[in-house]
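Following: one structure in C-alpha cells, then a few remarks.
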Amino acid sequence: MDNENITTSAIMSFSEKLEEQSVAFYEKLAQKFDEQQETFLRFSKECRKNKIHLVRTYQETISDALEATFSFEALVLPKIDFESLISEEVSFSNAVKGAVAIESQASEFYAQVADQAQSLLATIPRAFKRVAGARRSRSETLLGLLG
Amino acid sequence: MAILSEPIKEPIELMNFIGGEPVPSSGTTKDVVNPANGKVIAKVPISTKEDHDHAVEVAREAYQDWRCTPPMARVRCLFRLKELLEENFEELSRIQTMEHGKTIDESRGETRRGIENVEVATGIPTLMMGYNLEDIATGIDEYLIRQPLGVFGIIGPFNFPFMVPLWFAPYAVATGNCIILKPSSEDPISQAKIVELADEAGIPPGVWNVVHGGRDVVSAMLDNQHIKGVCFVGSTPVGRDVIYRRCGETGKRVISQAGAKNFALVMPDANLELTTAACMTSFFGNTGQRCLANANLIVVGEGLSKKQHEAFYTEVVDAFVTAASKIRMGYGLDETIHMGPLRDPGKKENVLRYIEKGIEQGATLTLDGRNPVIVGGYPDTCFVGPTVFENVTLDMVIAQDEIFGPVGMMMKADTLTEAIAMIHTNPFGNSASIFTGNGKWAREFQYWTEVGNIGVNIGIAAPMAFFPFSGMKDSFFGSLHGQGMESIRFFTESKVVIQRWF
C-alpha cells in the first residue's frame with residue numbers, strides 16, 4: 000500500500016501481524032537456542048499480550064464520532080525480515096543482532112503511531128506508547144545476551 | 000493492500016424472527032445491495048400487517064413472564080448478549096460495511112457505540128429503582144415504582160443499521176418490556192444477526208422480535224392498540240407528520256428523532272490543525288449520512304478587523320479543502336480508503352441535485368465531488384466525493400436543507416452573536432459545534448444555541464449511552480429521549496403507592 004494517509008484499520012492490521020510474527024519468531028529462537036529459552040519465551044508471551052492490548056484498546060476506544068476519516072500521514076510501515084533470522088544456519092549472535100534490529104524498527108514504528116495519534120482519544124496513543132516502550136527496553140536485554 | 004474478507008459470501012435469505020425462531024413472511028422480498036460493488040448480498044422480506052400483528056401477539060404472550068422475571072435475571076441475558084457481541088465484533092462490523100457502505104473503521108465505531116448501550120442497560124437493577132418517603136402524613140408512607148408497559152415498536156434508520164436500534168432495544172427489554180424491531184429494509188442484516196445473538200444469550204422467545212419490511216409494517220405498528228410506544232429515527236417529514244402525529248392519535252409514547260442541519264463555528268483562536276481534522280470526521284464521516292454531521296461551517300471574525308477576518312476565513316477554508324481533497328474513496332473493506340459510497344443510487348441522485356441547486360443559486364463550488372476517483376475501480380453508482388461550497392448565503396437551499404451527503408457549506412459571521420443567530424434561522428435543532436480556546440465564547444455558545452447536542456472542540460457531539468441523545472425544534476418530536484435515564488423513564492410507567500396500615 001502507499002504509505003500516505005494510512006487508516007487506523009490498516010495500522011491495526013499491520014500491528015497485529017507484527018506481533019503475531021514476533022510471537023512465532025521468538026518461539027523459534029527459544030526452540031533453537033535452549034540456553035536462552037526462558038528469555039525468548041517471555042518475549043513471545045509479551046508479544047501475544049501486546050497484540051491483545053492494542054486490539055482491545057482500539058476496539059474499545061474507536062467510536063463513530065472520533066475516528067472516521069482519520070489517517071496517519073507519511074507514516075512508513077517497516078518491512079521486517081523475520082524469515083532469514085530463523086533459518087537453520089543462523090548463529091546465536093546473528094539471530095540476537097537481528098532481533099535487536101527488529102525491536103528497534105518496531106519500537107520506532109509504534110512511537111510514530113503514538114505521536115500521530117495524539118488527536119485521538121488518549122487511550123490509543125497511550126497503548127502504542129506502552130508497546131513502543133516495551134519493545135525498546137527489550138533491545139537492552141537482547142544486547143545483554145551477547146555478553 | 001488486500002480487501003478484508005467479506006463475511007457474506009452468498010446472498011442470505013433473511014426471515015422475520017418471531018417467538019425465538021425464524022419465521023417466513025407472507026409478503027414479497029427485496030434485494031439488499033452492497034452499495035460499493037452493486038452485488039446483492041441478501042433478500043429481505045417486505046412483511047405484511049398480518050406478519051406484524053402476529054409478532055405483537057407473540058410478544059404480548061411473552062410479556063406475561065418476562066415482566067415478572069427479576070431484573071437481575073433479565074440483565075444476565077444482557078451480559079451474555081454483550082459477550083456475544085464482543086465475540087462477533089469483527090463480523091458484525093464487516094457486515095455493516097457490506098450492507099451500508101461505510102468504512103471498516105466507521106463500522107467498528109458503530110459496533111462499539113451499540114454495545115455500550117447494552118452495557119449501560121445491564122445497570123437496570125439500579126437504574127430502574129423507584130424512590131420513597133416515610134411519613135408523608137403521620138403513619139403514611141409513599142413510594143414510587145417503575146413498571147414495564149408491554150410491547151414497544153422500534154423503527155431503525157438506514158444510516159446506522161446496527162447502532163440506532165440499540166439506543167432503544169436493550170433498555171426496553173431490560174426494563175421488562177418486549178419489542179418488535181423493524182430494521183431499515185435497505186440494510187437489515189446486522190439486526191438479523193443481533194436478534195439471533197439475543198436468542199443465544201437466553202432472552203426468552205417472543206421478547207426480542209424482528210419484523211422486516213417497509214411502510215406496511217410501520218403503519219401496522221402505529222395502528223396496533225397493543226403497541227405501547229414507538230421509537231423512530233429518520234427524516235423530519237416522517238418523524239413529525241406520520242410517527243409523532245399517529246402516536247398522538249393512538250395514545251402511544253413516542254421518541255421521534257428526525258432530521259438536522261448542523262453548524263460548526265470556527266473562532267479566531269481555534270487550533271486549526273485539530274479543528275480541521277475534527278471537521279473532516281464531522282462533515283464527511285459516514286459519507287455525510289449522519290444526523291450529527293456538521294454541514295454549515297461559519298468562520299467567525301469576533302474581535303478581528305475585516306481584513307483579518309478575510310485572511311482567517313481563507314486560512315480555515317484552505318485547510319478544510321486541502322484535507323477534504325486527500326480523502327480516498329472506495330469500498331469500506333479496503334483499509335486504504337477513508338470514505339465509502341452513499342447507501343444507494345437514489346441518495347446519490349439527491350445529493351447531486353443539491354449540488355446543482357447550489358450552483359444554480361450562485362454558490363461557488365470550490366471542491367467538486369461529482370466525479371470522484373474511486374480506489375479499486377468500483378462502479379460510481381453510489382459514490383460522491385467531498386464537496387465544498389463557498390459564497391453560501393442562508394437563503395440558499397443548500398444552507399437550509401439536510402442534504403445527507405458529503406457536502407460542506409462555508410460561511411462567515413462577524414461575531415459569535417451573529418453566528419448563533421444564523422443557526423437559529425434554521426428550523427432544525429439537532430447539534431452544533433464550536434471550535435475555540437476561549438471558555439467564555441464556548442459558554443455563550445452552549446448557553447444560547449437552541450440545539451439538543453453541543454460540541455465544544457468536538458465535531459460530532461454524539462452523547463454516550465448513559466446520556467440522552469437530545470434534539471430540539473424540527474429534529475426531535477416527543478418528550479423523553481433515547482439512551483440513559485430518560486430511556487428508562489420512557490420504557491416504564493411510574494406508579495405511586497400511598498400506604499397506611501391500621
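If you're matching them up, the sequences are chains D and X in order.
The opening residue of the first sequence carries number 0 in numbering that gives the first Met the number 0; numbering runs sequentially from there.
The opening residue of the second sequence carries number 0 in numbering that gives the first Met the number 0; numbering runs sequentially from there.
Glycine included, every Cβ here is placed at the ideal spot set by N, Cα and C.
Please read all numbers here as calculations on a predicted model, not as lab measurements.
Asked                                                                                                                                                                           : Found
Whose Cβ in chain D lies nearer than 8 Å to the Cβ of LEU276 of chain X?                                                                                                        : Per the sequence shown, the amino acid found at residue 276 of chain X is Ala instead of Leu. Those are PHE69, SER118, listed as they occur along chain D.
With LEU144 of chain D and VAL95 of chain D assumed to form a contact (beta carbons below 8 Å), what rounded beta-carbon distance in angstroms separates them?                  : 5 Å
Anyone know if the C-beta pair for GLY113 of chain X and LEU196 of chain X falls short of 8 Å?                                                                                  : no
According to DSSP, which residues form a beta bridge with GLN146 of chain X?                                                                                                    : X:GLU492
Counting only Cβ pairs nearer than 7 Å, list the residues of chain D close to GLU86 of chain X.                                                                                 : Here the premise fails: no neighbours, minimum Cβ distance about 12 Å.
Name, please, each residue of chain D whose Cβ falls closer than 7 Å to the Cβ of ARG273 of chain X.                                                                            : The sequence shown places Leu at residue 273 of chain X, not Arg. Within 7 Å Cβ-Cβ: SER118.
For LYS356 of chain X, which residues of its own chain have a beta-carbon under 6 Å away from its beta-carbon, when the five flanking residues on both sides are left out?      : VAL396
How far does the beta strand (DSSP E) with LEU296 of chain X in it reach, from first residue to last?                                                                           : 293-299
Roughly how many angstroms lie between the CA atoms of GLY205 of chain X and ASN223 of chain X, to the nearest whole one?                                                       : 17 Å
DSSP puts ILE430 of chain X in a beta bridge; with which residues?                                                                                                              : The sequence shown places Ser at residue 430 of chain X, not Ile. Bridge partners of SER430 of chain X: X:ASN452.
Could you tell me whether the Cβ atoms of ARG66 of chain X and PRO187 of chain X are closer together than 8 Å?                                                                  : no
For ASN250 of chain X, does the count of other Cβ atoms within 10 angstroms reach 16, so buried, or fall short, so exposed?                                                     : Correcting the residue identity first, residue 250 of chain X is Gly in this sequence and not Asn. Counting Cβ neighbours within 10 Å, GLY250 of chain X comes out exposed, since fewer than 16 surround it.
Residues in its own chain within less than 6 Å of ARG352 of chain X by CB, not counting five upstream and five downstream?                                                      : none
By alpha-carbon positions, which one of X:ILE135, X:ALA136, X:PHE311, X:VAL387 ends up nearest to VAL298 of chain X?                                                            : X:PHE311
When you compare the CB of GLN58 of chain D with every CB in chain X, is at least one pair closer than 8 Å?                                                                     : yes
Output needed for GLY247 of chain X: all residues of its chain with C-beta closer than 8 Å, excluding positions within five of it in sequence on either side, in chain order.   : VAL253
When you compare each of X:MET220, X:SER324, X:GLY213 to PRO385 of chain X by their alpha carbons, which one comes out closest?                                                 : X:SER324
Any idea what DSSP makes of CYS177 of chain X, helix, strand or coil?                                                                                                           : strand
Take every Cβ of the segment 84-102 of chain X, pair it with every Cβ of the segment 27-35 of chain X, and state whether three or more of those distances are shorter than 8 Å. : yes
Could you list the residues in the segment 323-356 of chain X with a C-beta less than 8 Å from some C-beta on chain D, going in chain order?                                    : LYS325, ILE326, ARG327, GLU334, THR335, ILE336, HIS337, MET338
Along chain D, which residues have their Cβ under 7 Å away from the Cβ of ARG107 of chain X?                                                                                    : GLN58, ILE61
With DSSP collapsed to three states, give me the class of GLN498 of chain X.                                                                                                    : strand
Could you pull the DSSP bridge partners for TYR130 of chain X from this structure?                                                                                              : X:LEU143
Measuring CA to CA, which of X:ASN370, X:SER304, X:VAL350, X:THR435 is closest to ARG327 of chain X?                                                                            : X:ASN370
Could you check whether the Cβ of ARG93 of chain X sits closer than 8 Å to any Cβ belonging to chain D?                                                                         : no
Residues of chain X with CB under 7 Å from SER12 of chain D, in chain order?                                                                                                    : GLU334
Decide if the segment 260-273 of chain X is in contact with the segment 302-316 of chain X; the criterion is three or more beta carbon pairs, one per stretch, under 8 Å apart. : yes
With a threshold of 8 Å between beta carbons, is PRO386 of chain X in contact with chain D?                                                                                     : It should be pointed out that residue 386 of chain X corresponds to Thr in this sequence rather than to Pro. Chain D contact via Cβ: absent.
Can you tell me where the alpha helix (DSSP H) holding ILE51 of chain D begins and where it ends?                                                                               : 36-60
I'd like to know if THR121 of chain X contacts chain D, where contact means its C-beta is closer than 8 Å to some C-beta of that chain.                                         : no
Which chain D residues sit within Cβ distance under 7 Å of ARG145 of chain X?                                                                                                   : Result: empty, since nearest Cβ-Cβ is about 30 Å, beyond 7 Å.
Kindly list, in the order they appear in chain D, the residues whose Cβ is closer than 9 Å to that of ARG111 of chain X.                                                        : GLN58, GLU59, THR60, ILE61, SER62, ASP63
Put PRO169 of chain X into one of helix, strand or coil per three-state DSSP.                                                                                                   : helix
Give a yes or no on whether the minimum CB-CB distance between THR96 of chain X and chain D is below 8 Å.                                                                       : no
Alpha carbon to alpha carbon, what distance is there between LEU17 of chain D and GLN36 of chain D?                                                                             : 21 Å
Between the C-alpha atoms of ALA120 of chain X and CYS76 of chain X, what's the straight-line distance to the nearest angstrom?                                                 : 11 Å
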